[in-house]
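Chemist:
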Amino acid sequence: MTGARDPAIEDLLAAVRRDFAAKLPERGAELAALVARAAWDDVRRAAHKLRGSAATYGFVDLGAHAAAIEDLLLEAADAGAAPDDAARARLDALVAQAVAACERASQEGA
Amino acid sequence: MSGRRTAPIGRADGDVPPVLAIGEIVGDAYEVRAVLGAGGMGEVYEAHDRVLNRRVALKVMRPNIPADYLLREGRALAALHNPGVVAVHTMGLHRDVAYLVMERVHGLSLDRVVDDRRARDEPFETGEVLDLLVSIADTLAVVHRAGLAHRDVKPGNVMLAPGGRVVLMDFGLVLPQADRAGHRIVEGSMQYMPPEALAGVVAEGEAPLGDIYALGILGYELLVGEDPHEGDDATSLYRSKAKMPQPRVSRACPEVPPALDDLLVQLMSPDPSERPPGADAVLWSLRSIRARVGRGGEPRAFSALLVDDDADMRTILSLHVRAAVPEAVVEEAPDGRGALAAVRRHVPDLLLLDLDLPDMNGVEVCMMLRGMELGDACMIVSVSARATRADVELLEQLGVQSLVKGPTLGQELGNVIRRMRPGSRGRAPSAKR
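If you read the protein sequences in the order shown, they are chains A and B.
My numbering puts the first residue of the first sequence at 1, with every later residue one more than the last.
My numbering puts the first residue of the second sequence at 1001, with every later residue one more than the last.
#1: Interface residues of chain A around L1395(B) at Cβ under 9 Å?
#2: What does R51(A) reach in chain B if we use C-beta pairs closer than 9 Å?
#3: Would A1323(B) pass as an interface residue toward chain A - the criterion being a Cβ-Cβ separation below 7 Å?
#4: Kindly list the residues whose CB is nearer than 8 Å to the CB of Y1192(B), restricted to its own chain and excluding five residues on each side of it in sequence; keep chain order.
#5: Just checking: is the beta-carbon of G28(A) within a distance shorter than 7 Å of some beta-carbon in chain B?
#6: For V949(B), which beta-bridge partners are listed by DSSP?
#7: When you compare the CB of I69(A) with every CB in chain B, is at least one pair closer than 7 Å?
#8: For V1400(B), which residues in the same chain have their Cβ closer than 6 Å to its Cβ, ignoring the five residues on either side in sequence?
#9: Considering M1091(B), what are the terminal residues of the beta strand (DSSP E) in which it resides?
#10: In chain order, what residues of the same chain lie with their CB nearer than 6 Å to the CB of L24(A), ignoring the 5 residues before and after it?
#11: Please give the ranges of any alpha helix (DSSP H) in the segment 1188–1253 of chain B, keeping only runs that are unbroken, at least 4 residues long and fully inside the region.
#12: Taking just the CA atoms, how far does R1337(B) sit from D1359(B)?
#13: Only counting runs of 4 or more residues, tell me where the alpha helix (DSSP H) segments fall wholly within the segment 4–32 of chain A, in order along the chain.
#14: For the structure I just gave you, are there three or more beta carbon pairs, one from the segment 31–43 of chain A and one from the segment 78–95 of chain A, closer than 8 Å?
#15: If I measure Cβ to Cβ from P1228(B) and keep anything under 8 Å in the same chain, skipping five residues before and after, which residues do I get?
#16: CA-CA distance, P1348(B) and D1354(B)?
#17: Taking Cβ-Cβ distances shorter than 7 Å, what residues in chain E pair up with I1316(B)?
#18: May I ask you to report which of helix, strand or coil DSSP gives E1298(B)?
#19: Please list the partners that L1319(B) has in chain A, where partner means a Cβ-to-Cβ separation under 7 Å.
#20: Pull the bridge partners of R1054(B) from the DSSP assignment, please.
#21: So D1111(B) contacts chain A; which residues on that side make the cut at Cβ distance below 7 Å?
#22: Using the C-alpha atoms, what's the distance from A21(A) back to E108(A)?
#23: Could you tell me the boundaries of the beta strand (DSSP E) in which D1354(B) lies?
#24: Shorter than 7 Å from the beta carbon of H65(A) to some beta carbon of chain B?
#25: Within 10 angstroms of the Cβ of V1129(B), are there 16 or more other Cβ atoms? Answer buried if so, exposed if not.
#26: Chain A beta carbons: is any one of them nearer than 7 Å to that of M1360(B)?
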């Protein structure tokens, strides 16, 4: 994830990455629950956090899904409205992909 | 300072008639009021902007100097937007003479202040010199990050303006770092030019190291009161700079802190590869020395403040900081208010700042820190998942570097810290995290 470095640093990075990955299924479920409640601002914040941290911990796919969710909600917010039906359908699909990516990352990181 | 001044290379000498007349109207708006300065390449006038009713500085090139110089200067200034450089208003052509309209900065040039202090036998205090060097290095870091090299850093091009503002003037020799042919042309002020520039052999990518060299000469002159090298022509100066033992401030001023003495030796190294790798590194070293001078000289550990509302990000950022500096003291804050409170308690060496915080955004935090002058004493690096181009430009104006969250963040952060602390290595931190 950061190129050739001291093995001790790599061990520590691997350990924090495992800790992070272990929590991902729970975070995916929280994201889905927020979408079900249509708590759009909370969804955007949760997606924003995942976007940055997942990408930094090396879970690039998950980071990309979270980025797409955040961008979609920012567009809706810029338009001054909740996501319309088309956006909601896209959002549901993206969240499903993000939840699946959380599960995969959890298994990959274990 | 010795008072000896060699003629700038690449600039014409001799009496030449002024390009503009007092009272002349330039570009239908600017009435020439007075001559502010004249050199071999051009002249700077004070003018009255009759449309906006304000005073401006108006620069023109002499007829024998290619207008390209002024265009390069105008574009460089337009790209920078920093309190350490003058703001550019517009450019135009008047009677086939290119002109550049800039902010009129009121103040005293540093060489004049130096001369006045010498006349009154009032040497510069170490703290004063450190403040000046920090301000100039801060501006040079912005210039270099924009891909430019100033190439004429000297006291005559440093303006001390009201409110403690220090402005780097005269970007007439500025060049993109990538302009290989331009850097082989020998031009500038010889006392401040590094040996490789005097010899016309500046290597690709090393132009900023010439500015760093000049900063070292300037620091030496302010502290010692005379030029570090002897020679009235390019050849003798080259010999002195490249072949003679390096000057040390402590020989004339034993009271100067050893860390500053060593840093100036590094800045003035004849070998560009032995100088600090960039103005950011110089800036960090100067700030660190200044902090120690202010605290009686005791050593202190490198400190970092990590501001992010995501605990997972703080964890990995902390690890990356301690990977670069194992002894680092790392503090964390989850929001903007926490960050401001932490900085008030203790100004860190490095502040890693998420832009998207729950209570205020990172740009606002930066502006508040700069406004309180607290942020001036630390290196601020924004760390963001989705900074807009506008955010990045605004942050650059505030002297803030930007990094993007992602799989290479650790490596990029390590590089930033190594530029700040050239001696640091990626050793293992302790198991505590």
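For each residue, glycine too, the CB sits at the ideal point set by N, CA and C.
Bear in mind the structure is a predicted one, so any value in this text is a computation, not a measurement.
Modeler: Quick answer:
#1: Those do not exist, as L1395(B) stays about 17 Å from chain A at its closest Cβ, beyond 9 Å.
#2: Correct list: A1385, R1386 and K1405.
#3: Yes, contact with chain A.
#4: If you ignore the 5 residues before and after Y1192(B), its C-beta comes within less than 8 Å of the C-beta of D1152, V1153, K1154, Y1213, A1214, I1217 and L1218, all in its own chain and listed in chain order.
#5: Answer no: the Cβ-Cβ gap between G28(A) and chain B never drops below 7 Å.
#6: Because residue 949(B) is not part of the residues shown, which for chain B are 1001 to 1433, the question remains open.
#7: Chain B, which has no Cβ nearer than 7 Å to the Cβ of I69(A), makes this no.
#8: So the qualifying residues of the chain are C1366, I1380 and S1382.
#9: Here the beta strand (DSSP E) through M1091(B) covers V1088 to H1094.
#10: Cβ neighbours of L24(A) beyond the five flanking positions: C102, A105 and S106.
#11: The segment 1188–1253 of chain B contains these whole alpha helix (DSSP H) runs: 1195–1198, 1207–1224, 1234–1243 and 1249–1252.
#12: If you take the alpha carbons of D1359(B) and R1337(B), they lie about 7 Å apart.
#13: Assignment of alpha helix (DSSP H) within the segment 4–32 of chain A, counting only whole runs of 4 or more residues, yields 7–22 in chain order.
#14: Touching, yes, given that three or more Cβ pairs across the two stretches are closer than 8 Å.
#15: Contacts found: I1217, Y1220, E1221, P1247 and M1268.
#16: Distance between P1348(B) and D1354(B), taken at the CA atoms: about 16 Å.
#17: As a matter of chain content, chain E is missing from the structure shown, whose protein chains are A and B.
#18: Low per-residue confidence applies at E1298(B): pLDDT is 49, beneath 50, and the placement is therefore not dependable enough to give any value.
#19: What L1319(B) touches in chain A: L12, L13 and V16.
#20: For R1054(B), which the question treats as bridged, DSSP gives the partners D1049(B).
#21: None at all; the shortest Cβ gap to chain A is about 47 Å.
#22: The alpha-carbon separation between E108(A) and A21(A) amounts to approximately 8 Å.
#23: Looking at the DSSP string, the run of the beta strand (DSSP E) that includes D1354(B) is L1350 to D1354.
#24: No, H65(A) does not count as interfacial toward chain B.
#25: Its Cβ being crowded by 16 or more others within 10 Å, V1129(B) is buried.
#26: Not an interface residue.
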